[in-house]
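Inspection log for the structure reproduced underneath, given as structure tokens.
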Amino acid sequence: MQAMFWELWAEGKTVEAARRELISTLEDWVLIAFRFGDGVPVVGGINFNKIGRHAKAR
Numbered sequence: 056m057q058a059m060f061w062e063l064w065a066e067g068k069t070v071e072a073a074r075r076e077l078i079s080t081l082e083d084w085v086l087i088a089f090r091f092g093d094g095v096p097v098v099g100g101i102n103f104n105k106i107g108r109h110a111k112a113r
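Numbered according to the numbering used here, the sequence shown spans residues 56 to 113.
Here it is in structure tokens:
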């Protein structure tokens, strides 16, 4: 079974295995996108690209 999400692809022997792999891949993709300053798509009106105030580590 295969599942796709935006630019991601995941495969598994079952739908559930493909879903788990897709979730893991999606989490990694989002973390890497933010690490390198790239944006992610707005989904369901939720925009994680907005920059807010935050504390800086020393």
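Ideal Cβ positions, reconstructed from N, Cα and C, are used throughout, including at glycine.
- Here Glu-66 carries a strand assignment [DSSP, helix/strand/coil].
- Residue pairing from DSSP places Ile-101 in a beta bridge opposite Val-98.
- In this structure, DSSP gives Phe-89 a helical state, which the three-state scheme calls helix.
- Setting aside the 5 residues that flank it on each side, Asn-104 is surrounded in the same chain by Gly-94, Val-95 and Val-97, each with a C-beta closer than 8 Å to its C-beta; the list follows chain order.
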